[in-house]
Amino acid sequence: MNRENRITWINRLLLPVLNVLTAFAVTAVVFWLIDVNPLEAAEILLYGAFGYEEGIGYTIYYTTNFIFTGLAVAVAFHAGLFNIGGEGQAYIGGLGAGLAIFMLDPTLGAWLFIPASIIGALLFGALWALIPAYLQAYRGSHIVITTIMFNFLAASLMVYLMVHVLREMGQMTPQSELFPTNAWMPFVHDVAAGMGYSIEASPLNLSVLLALVCAVAVWFFLWQTRWGYAIRATGKNSTAAVYGGIKPKRVIIVAMCISGALAGLVSINELVGYQHRLVMDFHLGYGFGGIAVALMGRNHPVGIIVAALLFGTLYQGGAELAFEMSGVSRDIVVVMQGLVILFCGALEYMYRPWLIRTLAPVAQQISAAGVTV
Amino acid sequence: MTMKKFAIELTDIDKRFGAVHANNKVCLQVTEGNIHGIIGENGAGKSTLMSILYGFYQADAGQINVLGNTYIFTDSHHAIAAGIGMVHQHFMLVENFTVLENVILGSEGGALLADGLAAARKELTRLGEEYGLKVNLDATIDTLSVGLQQRVEILKALYKGAKILILDEPTGVLTPQETEELFRIFAALKQQGVTIMLITHKLREIMSITDQVSVMRGGQMVAHRNTCDTDREELAELMVGRKVLLHVDKGPANVRAPLMTVKRLTVADNQGVERLKGVSFELRAGEVLGVAGVSGNGQTELLEALSGITPLTSGSVQVLGMEMDAKHPLSPDILRELGLAHVPEDRHRMGLITEFSASESALLGYHTDASINSGLWLSKAKVDANCEQLMQAFDVRPADPHLKSANFSGGNQQKLILAREMERNPEVLLIGQPTRGVDIGAIEFIHQRIIAMRDAGKAVLLVSVELEEIMSVSDRIIVLCDGAISGRINAEDADERTLGMMMANALDPIDPLQAMNDAKSSSNRTAQELDL
Numbered sequence: 000m001n002r003e004n005r006i007t008w009i010n011r012l013l014l015p016v017l018n019v020l021t022a023f024a025v026t027a028v029v030f031w032l033i034d035v036n037p038l039e040a041a042e043i044l045l046y047g048a049f050g051y052e053e054g055i056g057y058t059i060y061y062t063t064n065f066i067f068t069g070l071a072v073a074v075a076f077h078a079g080l081f082n083i084g085g086e087g088q089a090y091i092g093g094l095g096a097g098l099a100i101f102m103l104d105p106t107l108g109a110w111l112f113i114p115a116s117i118i119g120a121l122l123f124g125a126l127w128a129l130i131p132a133y134l135q136a137y138r139g140s141h142i143v144i145t146t147i148m149f150n151f152l153a154a155s156l157m158v159y160l161m162v163h164v165l166r167e168m169g170q171m172t173p174q175s176e177l178f179p180t181n182a183w184m185p186f187v188h189d190v191a192a193g194m195g196y197s198i199e200a201s202p203l204n205l206s207v208l209l210a211l212v213c214a215v216a217v218w219f220f221l222w223q224t225r226w227g228y229a230i231r232a233t234g235k236n237s238t239a240a241v242y243g244g245i246k247p248k249r250v251i252i253v254a255m256c257i258s259g260a261l262a263g264l265v266s267i268n269e270l271v272g273y274q275h276r277l278v279m280d281f282h283l284g285y286g287f288g289g290i291a292v293a294l295m296g297r298n299h300p301v302g303i304i305v306a307a308l309l310f311g312t313l314y315q316g317g318a319e320l321a322f323e324m325s326g327v328s329r330d331i332v333v334v335m336q337g338l339v340i341l342f343c344g345a346l347e348y349m350y351r352p353w354l355i356r357t358l359a360p361v362a363q364q365i366s367a368a369g370v371t372v
Numbered sequence: 000m001t002m003k004k005f006a007i008e009l010t011d012i013d014k015r016f017g018a019v020h021a022n023n024k025v026c027l028q029v030t031e032g033n034i035h036g037i038i039g040e041n042g043a044g045k046s047t048l049m050s051i052l053y054g055f056y057q058a059d060a061g062q063i064n065v066l067g068n069t070y071i072f073t074d075s076h077h078a079i080a081a082g083i084g085m086v087h088q089h090f091m092l093v094e095n096f097t098v099l100e101n102v103i104l105g106s107e108g109g110a111l112l113a114d115g116l117a118a119a120r121k122e123l124t125r126l127g128e129e130y131g132l133k134v135n136l137d138a139t140i141d142t143l144s145v146g147l148q149q150r151v152e153i154l155k156a157l158y159k160g161a162k163i164l165i166l167d168e169p170t171g172v173l174t175p176q177e178t179e180e181l182f183r184i185f186a187a188l189k190q191q192g193v194t195i196m197l198i199t200h201k202l203r204e205i206m207s208i209t210d211q212v213s214v215m216r217g218g219q220m221v222a223h224r225n226t227c228d229t230d231r232e233e234l235a236e237l238m239v240g241r242k243v244l245l246h247v248d249k250g251p252a253n254v255r256a257p258l259m260t261v262k263r264l265t266v267a268d269n270q271g272v273e274r275l276k277g278v279s280f281e282l283r284a285g286e287v288l289g290v291a292g293v294s295g296n297g298q299t300e301l302l303e304a305l306s307g308i309t310p311l312t313s314g315s316v317q318v319l320g321m322e323m324d325a326k327h328p329l330s331p332d333i334l335r336e337l338g339l340a341h342v343p344e345d346r347h348r349m350g351l352i353t354e355f356s357a358s359e360s361a362l363l364g365y366h367t368d369a370s371i372n373s374g375l376w377l378s379k380a381k382v383d384a385n386c387e388q389l390m391q392a393f394d395v396r397p398a399d400p401h402l403k404s405a406n407f408s409g410g411n412q413q414k415l416i417l418a419r420e421m422e423r424n425p426e427v428l429l430i431g432q433p434t435r436g437v438d439i440g441a442i443e444f445i446h447q448r449i450i451a452m453r454d455a456g457k458a459v460l461l462v463s464v465e466l467e468e469i470m471s472v473s474d475r476i477i478v479l480c481d482g483a484i485s486g487r488i489n490a491e492d493a494d495e496r497t498l499g500m501m502m503a504n505a506l507d508p509i510d511p512l513q514a515m516n517d518a519k520s521s522s523n524r525t526a527q528e529l530d531l
């Protein structure tokens, strides 16, 4: 294996694994400080995530959300844009999905409802990203500032709509009425039952397939089409892209709309797949989690699926941990996530120089002859 | 005759980077008080050797003697302490600091600046007088010309006590007049006993200023010569390892109809400063039009405006049957489709995407082309085949389409870009600094390809800061100074002195009558149209 290859492997595989292990090691110290046996905690966490069918279902269900937002961040990132508005785009995507369902006749079949809700989520998510994209491309407002502001706008808008417009008649809770059952994304346990297998019930629904399709589509789009080429060229070197006849303004708009649309699909998993109504704050944490997932997954769909699974595991296992151990609150999940983000994102290159020096040295060092003065 | 001491004595310096043997038992002796030239192609190991001497790299084996003492440098501070000063090709100056502040950077002498500044001012005044290095110490760097900035770099080195100066391609950015001035400074430094090592690929400079010259090839020292005992042909042959044609072999131009007509082209930058001021010229099929000038006088803006990258502020450009002006811009992709290709000046900033593989960089500008797309997707086979074909046509090494663009040498990156732009047979070729940082052997090849395009009836606009290149490749030459055309001349009438004067805009304003006659005789245009 030559040096180039070794460096690629260090970057792609070894570094993320080491970073995650470091994060876990620090988490263990935190557990130890609050008088919890880290090994016992790890066992409960892993059992909660993978030990029984319902747990696995939850883990994959959470993973699905992270795949959507991870892909969303990655597409924007390849265009050189840092989309931190995944939260808002997911939230507004939910509005789109809900409106699409409520606008259709409840007696129609699922074959119409599900595509309609997906299109609604895609469109509204894209729309919520389009405005910051336009402001970045044509007015020079920084995308990080505008997308984060749009998260707040989305939250306020949804509170207003949920309280005043979409609330179910006669209810105090700010949530819409239930979607017609035809509009529900089928649960995996129902589908399995139909095929003669019996699985414990869990929120896991067919949106996970949609997420995998999206991952393949993103890979294909970015690396196998001329539009993906234009996006990546702009992200790596926008001057060269302009020289090559690529129009960065258009690339910004296209990349952000795709990014927003992907984030919007979180609502398909959460609302159309599980809650079956418009609710408040279903999106919380997934937009930002997507940033960490994309970072850890090196902005590549395969990496993103793996990273999303890690985050899904932490979500589900952490919940189990909080339930099982009296000394642990659910916030420990946030701590663990924070540490993973810290080591995978902020301290990304901590081990890199050392790894490259030890595993892919430039040349053998022969001590130089001579006398120092 | 007394035995002269050696300022620098390198013995059996060896350095490997993985499989690359960058320096193979290199020996070098530089006599104190001499000007010593080091020449060699890119990748010959010059930069590695100098980096070892300056403490950036450590040699795997070998010995470094400086002024009679043996050292192991692990840091450039050690080299500076031993009396070595380096002037890099790209200046290391803080633009909005004054000369004085720049010189004391790194040796401020205490928490408060006042004392250090006063002491430095005294010392610099002394140095300036002793060596004839006059610079206004209170001017900020960005107000100084490139030549003066270089002088500041030299002062900086001397201020830190350098007895040995290493200069890496010092004349690349200078006008001929500034170069002469620099050589006068070298002479003064030499007289004061300073040793100078000059790294360059310009054989003419080696011949005119050095006392000795050492030639490197493939990581080895292949020859040491007293400059008076050698000539350019021998040095070129030693560098490349075979006979090299230093002059471009070309027949007379068969000039036909104009393919590009530029009228009163004006381009302003973001701040509204006019970088091009009413430039008018014609580019005709079957000719190479050279654009000479000190870099930064509007060449970049000219290339970017003509290729559709920067919008025109006023004026118009007719090209291949279309016209663009401020209100009707043509984008780079449309121009490319019309048959206008562009080899940009800066290959890293614009010519390729260093993080992409060679095959992906070889698509830049052509990624929408039907020849590599099959329906929705970019056909991987066609993308690779396209790159392989380009690599073969221009002998790009290594011929590996999957290698990252950044991992090719500068010359091979340039050949890949040239291949991409030339192999699709454009009608008009804009080409900026085609041989910057390219080996002598490859230069010969690139020049031949440009002439071949001309002979095939294409129009070539050649922008270069290398006067020799401009004079030998072009048929006609225009000179840009401060964004305006300060001279027009036929290549056979041009010499370095005249061009140098034009570049500094030191000639009398162009005689309008003469220009009118020129214009009439060439294509029956009136002087008003040319806006003179």
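Residue numbers (numbering that gives the first Met the number 0), protein chains in the order written: chain Y, 0 to 372; chain H, 0 to 531. For every residue, glycine included, the Cβ atom is placed at its ideal position computed from N, Cα and C. Values in this document were obtained by computation on a predicted structure and should not be read as measured data.
Please tell me whether residue i and residue j are closer than 8 Å, where the distance is taken between their beta carbons.
i	j	result
Val535/H	Lys242/H	Chain H is shown only over 0 to 531; residue 535/H falls outside these bounds and no answer can be derived.
Gly95/Y	Gly119/Y	yes
Gly311/Y	Phe65/Y	yes
Val339/Y	Ala128/Y	no
Leu302/H	Pro343/H	yes
Phe112/Y	Asn181/Y	yes
Ala384/H	Gln391/H	no
Ser360/H	Leu402/H	no
For residue i and residue j, what's the separation of their Cα atoms in angstroms?
i	j	result
Ala187/H	Tyr130/H	6 Å
Phe149/Y	Leu20/Y	35 Å
Arg166/Y	Ala125/Y	25 Å
Gly284/Y	His299/Y	21 Å
Leu428/H	Gln223/Y	30 Å
Ala375/Y	Phe72/H	In this structure chain Y extends from 0 to 372, so residue 375/Y is not present and cannot be described.
Ala235/H	Asp59/H	29 Å
Ile509/H	Val172/H	In this predicted model, Ile509/H has a pLDDT of only 47, less than 50, meaning its place in the structure is not dependable; the value taken from the coordinates is given anyway. Cα-Cα distance, rounded: 26 Å.
Gly217/H	Thr497/H	38 Å
Asp114/H	Phe96/H	17 Å
Leu104/H	Ala118/H	13 Å
Report the partner residues of residue i according to the DSSP bridge assignment.
i	result
Val266/H	Leu275/H
Arg15/H	His20/H
Asp324/H	Ser315/H
Arg216/H	Gln219/H
Met259/H	Leu282/H, Val318/H
Asn68/H	Val65/H
Lys246/Y	DSSP output for Lys246/Y lists no bridge partner at all.
Ser356/H	Lys403/H
Ile34/H	Ile195/H
Arg224/H	Val212/H
Buried or exposed for residue i, going by 16 or more other Cβ atoms inside 10 Å?
i	result
Met501/H	buried
Leu417/H	buried
Ala24/Y	exposed
His81/Y	Inspection of the sequence shows that residue 81/Y is occupied by Phe rather than by His. Exposed: under 16 other Cβ atoms inside 10 Å.
Gly286/Y	buried
Gly263/Y	buried
Cys600/H	Because chain H here runs from 0 to 531, residue 600/H falls outside it and cannot be looked at.
Using a Cβ-Cβ cut-off of less than 9 Å, give me the residues of the segment 44 to 58 of chain H that come near chain Y, in sequence order. Against chain Y - using a Cβ distance shorter than 9 Å - the residues of the segment 44 to 58 of chain H are Gln57, Ala58.
For the segment 218 to 242 of chain H, which residues have a CB atom closer than 8 Å to at least one CB atom of chain Y, in sequence order? Of all residues in the segment 218 to 242 of chain H, none comes within less than 8 Å of chain Y when Cβ atoms are compared.
Determine which residues of the segment 326 to 338 of chain H have a Cβ less than 9 Å from any Cβ of chain Y, and write them out in chain order. Correct list: Ser330, Pro331, Asp332, Ile333, Leu334, Arg335, Glu336.
Contact residues within the segment 159 to 192 of chain H, judged by C-beta distance below 9 Å to chain Y: Contacts with chain Y (Cβ-Cβ distance below 9 Å) from the segment 159 to 192 of chain H involve no residue at all.
Under 9 Å (Cβ pairs) to chain H, residues found in the segment 235 to 253 of chain Y: Those would be Lys235, Asn236, Thr238, Ala239, Ala240, Val241, Tyr242, Gly243, Gly244, Ile245, Lys246, in chain order.
At a Cβ cut of 7 Å, what residues of the segment 296 to 317 of chain H count as close to chain Y, listed as they run along the chain? Cβ contacts with chain Y come from Ile308.
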